[in-house]
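See structure below.
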Amino acid sequence: MFVDYTKIKVKSGKGGDGASTFRREKYVPRGGPDGGDGGNGGSVFAIGDKKINTLLDLYYKKIYVAEDGGRGMGSNKHGKKGEDVYIKVPLGTVVKDPSDNSVLGEIINDGEKLLLVKGGKGGRGNARFKSSTRQAPRFYEKGEPGEEKELIFELKIIADAGIIGKANAGKSTLLSRISNTHPKIADYPFTTLVPVLGIVRFIDFRDVVVADIPGLIEGASKGKGLGFEFLRHIERARIFIHLVDPTQGDAFENYKMINKELEAYDKKLLKKPQIVVINKIDLLKEDEIKKIKTEFKKKKITPVFISAKENIGLEELLNKLYNIIKDIPVEIPREEIQKSFEEKDKLELVKIEENIFQLKSKKIEKYVAMLDFNNIETLSVFRKFLNKNKIDDFLKANGVKSGDIVVIGNKDFIFEE
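Just so we're aligned, residue 56 is where the sequence shown starts under this note's numbering, counting upward by one.
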C-alpha cells in the first residue's frame, strides 16, 4: 500500500523534577543542599531513510510520544534524560502545519534529521539556588512540560525525470523498457494508481531515477480524479518525459491539455525541460506520423517517435534524456520554509471579564508550570522572575490594577502594586 499523505500527533517528554535534598553525613557539618537537576525530556525527530518509499507506517501509527526525563536525586545526582523518538520517513517528505498548510520543514537526504517537538528542560534542584544569603534553600523547579503537536506529513517523491501524460498513454510500458522496474501493465486506463520509480543506467554516468506518474485528466489541477495526489509527485522532477498517445484523439491537443494542467497547478512546472514523446507509432500510418510532426514543428517542438511496446525509438529517447539531464544540477530544490517549528514568544494580555485578565506567553506559562507553589520559598523566586522580565510594568501599562486577577496557564494570581 502506497501512502503519501497522513496526519500524526507527536509529544515530547516532560523534563524531570529537580530534587530538594540536603547532605546528612556524620562528619560533614552544615551539609547544605545537594538536590540534583531533573533530566531533560526526550524529543521527537523525523529522520530520512532511503530504504523507505511510503508513509505507510505513519498511516497506521498516529501518535508518537517521547520519554519523560528522570527526577533529580540527592548527592547532586541528575535525573536520566528521556529517550528520543525517531520517526523514519522516505526522502522527499514535507512536514506541514495543519492549521494553515504552511511548510515547517522537509527531509531530502538519507539520515537527515528534523526536530518536530523538543523535550522539556529538567527542573533545577535546590543545590542550584544556594547563595551567600540563602544557605539552605528548599526551593526546586519541576520539569518543563513537553510539547504536543499535530502535523501533516506529505511525500513528494524525488526523481530525476517524471513520465507524464494521459491515462493509458503507455507510461508503465515505457518505464519497464528503459529501467530496472516491472510495473503493472494492462490495456486499460489508470492501471497505475501510485507513482512507480525505476533506475535508468547510463555508461560513464550516474544512475538516473525515473518516475511513472499516474495518468492525468482534464481538471486534475482542481483536484478532479486524483489530481492533487498525482501532481504533487512531479514537483521535484528535473525533467519531464511528456508521453503522448496519438490513438487517443488529436496528439497536439492532448499535449496542450497536460501542459495546461501543469500550469494551473504550478506555473514553475512549465519552466522545466520537456522531452515530447509520441508513443504507439506501430499503430500509425506513415502519413499520420508526418501530420503529427508538422503540427508540432509549427510550435518549434521536435518530438521523439517511439513504440514502447515494440522497442522502437528508445535509444534515441535515452540519448536525448542523457544529453539534457547531464547538464542539469543534481541538487534537489528545497521547499520554502513558511513557518518555524518554534515561533517567537509573544507577550499578550487578554481581558476575560471585569477585573480578570489572562497573561499569554509560552515562556512565562512554561516557567509557572515548573514552580511548586506549595513551597513557601516559591513566591519570592517568582517575584524576582517577574521583576527581571518587567511583567509588573507591562500589566500596569495595560490597565491591570491592584486586586485584579491575572491568569497564567492554570494558575490565578492577585495583582498587587
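Using N, Cα and C, we set each Cβ at its ideal position, and we do this for glycine too.
Counterpart residues of Q190 in DSSP-defined beta bridges: The sequence position of residue 190 within the sequence shown is 135, counting from 1. For Q190, DSSP assigns no beta-bridge partner whatsoever.
- request: Using three-state DSSP, classify K221 as helix, strand or coil.
  value: Indexing the sequence shown from 1 puts residue 221 at position 166. Residue state, collapsed to three classes: strand.
field: Residue environment, E199, which counts as buried when at least 16 other CB atoms sit within 10 Å
entry: Along the sequence shown, one-based indexing puts residue 199 at 144. Classification for E199: buried.
- prompt: By Cβ distance below 6 Å, which residues in the same chain neighbour Y60 in space, the five residues on each side in sequence not counted?
  reply: Here residue 60 refers to the residue found at position 5 of the sequence shown. Within the same chain, Y60 has close Cβ partners E209.
query: Looking only at C-alpha atoms, which of A224, S157 and F100 sits nearest to G166?
result: Mapped onto the sequence shown, residue 166 falls at position 111. G166 has its Cα closest to that of F100, out of A224, S157 and F100.
query: Which residues bound the alpha helix (DSSP H) around V351?
result: One-based indexing of the sequence shown puts residue 351 at position 296. In the sequence under discussion, the amino acid at residue 351 is Phe, which differs from the Val named in the question. Run containing F351: E341 to K352, per the alpha helix (DSSP H) assignment.
Coil, strand or helix - S457 by DSSP: What you label residue 457 is simply residue 402 of the sequence shown in a count that begins at 1. Correct three-state label for S457: coil.
query: Among residues of its own chain, excluding the 5 on either side of I380, which ones have a beta-carbon nearer than 8 Å to its beta-carbon?
result: As a position in the sequence shown, residue 380 is number 325, starting the count at 1. Result list for I380: D215, A216, V263, R293 and I294, in chain order.
- prompt: Hey, quick one: how far does the alpha helix (DSSP H) through V436 stretch, first residue to last?
  reply: Taking the first residue of the sequence shown as 1, we reach residue 436 at position 381. Its alpha helix (DSSP H) spans residues T433 to K443.
message: Quick check: the Cα distance between I218 and K173, rounded to an integer number of angstroms?
response: To locate residue 218, count along the sequence shown from 1; it is residue 163. To locate residue 173, count along the sequence shown from 1; it is residue 118. Our two residues, I218 and K173, have alpha carbons roughly 40 Å apart in a direct line.
field: Range of the contiguous beta strand (DSSP E) that encloses Y468
entry: Translated into the one-based positions of the sequence shown, residue 468 becomes position 413. A small fix is needed here, since residue 468 is Phe in this sequence, not Tyr. That run of the beta strand (DSSP E) goes K466 to I469.
query: Straight-line CA distance for I289 to I268?
result: On the sequence shown, position 234 is the one that residue 289 refers to. On the sequence shown, position 213 is the one that residue 268 refers to. CA-to-CA, the gap between I289 and I268 works out to about 7 Å.
message: What ranges does the alpha helix (DSSP H) occupy inside the segment 281-326, keeping only unbroken runs of at least 4 residues that lie completely in it?
response: With a minimum length of 4 residues, the continuous alpha helix (DSSP H) runs that stay inside the segment 281-326 are 282-286 and 306-320.
- prompt: Which same chain residues, not among the five before or five after V149, have their C-beta less than 7 Å away from its C-beta?
  reply: Translated into positions along the sequence shown, residue 149 becomes position 94. Taken in chain order, the residues that qualify are V158, E161, E209, K211 and E390.
field: Secondary structure of E138, DSSP reduced to three states
entry: For the purposes of this step, residue 138 is taken as the residue at position 83 of the sequence shown. If DSSP states are grouped into helix, strand and coil, E138 belongs with coil.
task: Could you pull out every unbroken alpha helix (DSSP H) segment of at least 4 residues lying fully inside the segment 103-184, listed in chain order?
output: DSSP runs (the alpha helix (DSSP H)) wholly in the segment 103-184: 111-115.
Rounded C-alpha distance that separates K239 from K116: Start at 1 with the first residue of the sequence shown, and residue 239 comes out as number 184. Start at 1 with the first residue of the sequence shown, and residue 116 comes out as number 61. Bear in mind that the predicted position of K239 carries a pLDDT of just 48, short of 50, making it unreliable; the figure below should be weighed with that in mind. Here the alpha carbons of K116 and K239 stand approximately 29 Å from one another.
query: Would you say G129 and G177 are within 8 Å of each other, going by their C-beta atoms?
result: As a working mapping, residue 129 is identified with position 74 in the sequence shown. As a working mapping, residue 177 is identified with position 122 in the sequence shown. A distance of 8 Å or more separates the beta carbons of G129 and G177.
- request: Have a look at D89 and M425 and give me their C-alpha separation to the nearest angstrom.
  value: Position 34 of the sequence shown, counting from 1, holds the residue named residue 89. Position 370 of the sequence shown, counting from 1, holds the residue named residue 425. Roughly 19 Å separates the two Cα atoms.
message: For the segment 413-431 against the segment 361-374, do three or more pairs of beta-carbon atoms, one drawn from each stretch, fall closer than 8 Å, so that the two count as touching?
response: No, they do not touch.
query: With DSSP run on the structure shown, which of helix, strand or coil describes D92?
result: Taking the sequence shown and counting its residues from 1, one reaches residue 92 at position 37. Coil.
field: Through-space distance from I383 to H297, alpha-carbon basis
entry: Translated into positions along the sequence shown, residue 297 becomes position 242. Translated into positions along the sequence shown, residue 383 becomes position 328. The alpha-carbon atoms of H297 and I383 are separated by roughly 18 Å.
message: For the segment 186-205 against the segment 63-73, do three or more pairs of beta-carbon atoms, one drawn from each stretch, fall closer than 8 Å, so that the two count as touching?
response: By the Cβ rule, the segment 186-205 counts as touching the segment 63-73, because three or more pairs are nearer than 8 Å.
query: By how many angstroms is the C-alpha of L206 removed from the C-alpha of F194?
result: Reading the sequence shown from its first residue, position 139 is the one you call residue 194. Reading the sequence shown from its first residue, position 151 is the one you call residue 206. So the two alpha carbons sit approximately 37 Å from each other.
- request: Drop a sphere of 10 angstroms on the beta-carbon of I118, count the other beta-carbons inside from all chains shown, and report buried for 16 or more, exposed for fewer.
  value: As a working mapping, residue 118 is identified with position 63 in the sequence shown. Per the 10 Å Cβ criterion, exposed.
message: I'd like to confirm the pairing. Which residues does DSSP put opposite E209 in its beta bridges?
response: As a working note, residue 209 is residue 154 in the sequence shown. Note: E209 sits in a beta bridge opposite Y60 and V149.
query: Can you list, in chain order, the residues of its chain whose CB lies under 7 Å from that of T302, leaving out five sequence neighbours each side?
result: Residue mapping note: residue 302 aligns to position 247 of the sequence shown, counting from 1. For T302, where only same-chain residues beyond five positions count, the Cβ hits under 7 Å are K335 and L338.
- request: Could you tell me which of N429, D300, V120 and L372 sits nearest to A222, measuring between CA atoms?
  value: Here residue 222 is taken as the residue at index 167 of the sequence shown, counted from 1. That would be D300, whose Cα lies nearest to the Cα of A222.
task: Kindly indicate which three-state DSSP category A452 falls into: helix, strand or coil?
output: Position 397 of the sequence shown holds residue 452. Three-state result, A452: helix.
- prompt: Whose C-beta lies closer than 6 Å to the C-beta of T109 among residues of the same chain, with five residues either side of it excluded?
  reply: Here the question's residue 109 lines up with position 54 in the sequence shown. F57 and V58, listed in sequence order.
- prompt: Can you name, in chain order, every residue of its own chain whose Cβ lies under 6 Å from the Cβ of R287, other than the five neighbours on each side?
  reply: Here residue 287 corresponds to residue number 232 of the sequence shown, with the count starting at 1. Contacts found: K211.
- prompt: Residues bridged to V423 by DSSP?
  reply: For the purposes of this step, residue 423 is identified with residue 368 of the sequence shown, where counting begins at 1. BP columns for V423 are empty, so no partner.
field: Given K151 as reference, the closest of Y141, I460 and L170 once Cα atoms are compared
entry: Taking the sequence shown and counting its residues from 1, one reaches residue 151 at position 96. Taking each of Y141, I460 and L170 in turn and checking the Cα distance to K151, the smallest one comes out for L170.
message: Please state whether the Cβ-Cβ distance between G127 and A74 is less than 8 Å.
response: In the sequence shown, residue 127 corresponds to position 72, counting from 1. In the sequence shown, residue 74 corresponds to position 19, counting from 1. Result yes, Cβ atoms of G127 and A74 sit closer than 8 Å.
message: Let's test the definition: count the other Cβ atoms within 10 Å of the Cβ of E409 and tell me whether it reaches 16, buried, or not, exposed.
response: Taking the sequence shown and counting its residues from 1, one reaches residue 409 at position 354. So E409 ends up on the exposed side.
message: If the criterion is Cβ atoms closer than 8 Å, does the pair R261 and G147 meet it?
response: Looking up residue 261 in the sequence shown gives position 206. Looking up residue 147 in the sequence shown gives position 92. Not a contact, by the Cβ cut-off of 8 Å.
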